Amino acid sequence: MGLFPRRRMFLLTTGPHLYYVDPVNNVLKGQVPLDGTTRCEGKNFRTFFIHTPNRVYYLEDPENSSKQWMEAVDQVCSYYFPRS
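According to numbering that gives the first Met the number 0, the sequence shown is numbered sequentially starting from 0.
The following block contains the structure:
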């Protein structure tokens, strides 16, 4: 893990998968592991966190729509990993 933030483009798909891609070179860089314990936490309109069992992902949306991202991730996780 580096000390400086890296610009990444995120793609949320069915399956569920949350991929991140280098937007300059269009290269897949990794995937956020989604499961029944995944939870989102908002900081402000632009910044939010995705908590997974092994890591917390710090994300920023330049279009100030972090709430929409959190809702989408929560919806996908609820659909694929319903809580009993």
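By construction, the Cβ of each residue, glycine as well, lies at the ideal position given by its N, Cα and C atoms.
Quantities reported herein were computed from a predicted structural model and do not represent experimental measurements.
Report buried or exposed for residue i, applying the criterion of at least 16 other Cβ atoms within 10 angstroms of its Cβ.
{"i": "M8", "result": "exposed"}
{"i": "L10", "result": "exposed"}
{"i": "T12", "result": "exposed"}
{"i": "V72", "result": "buried"}
Determine the closest residue to residue i out of the options, with distance taken between C-alpha atoms.
{"i": "F44", "options": "L58, S64 and Q30", "result": "S64"}
{"i": "R6", "options": "P15, V20 and G14", "result": "V20"}
{"i": "P52", "options": "W68, E70 and R38", "result": "R38"}
{"i": "K42", "options": "L17, Q74 and W68", "result": "W68"}
{"i": "E40", "options": "E70, Y78, V75 and R82", "result": "E70"}
{"i": "V55", "options": "L33, C76 and P61", "result": "L33"}
Do residue j and residue i come within 9 Å of each other at the CB atom, strictly closer than that value?
{"i": "G35", "j": "F80", "result": "yes"}
{"i": "Y57", "j": "P22", "result": "no"}
Does the segment 45-52 come into contact with the segment 18-28, if we say contact requires no fewer than three beta-carbon pairs (one atom in each stretch) closer than 8 Å? As far as the Cβ criterion goes, the segment 45-52 does not touch the segment 18-28, which means the pair count is below three.
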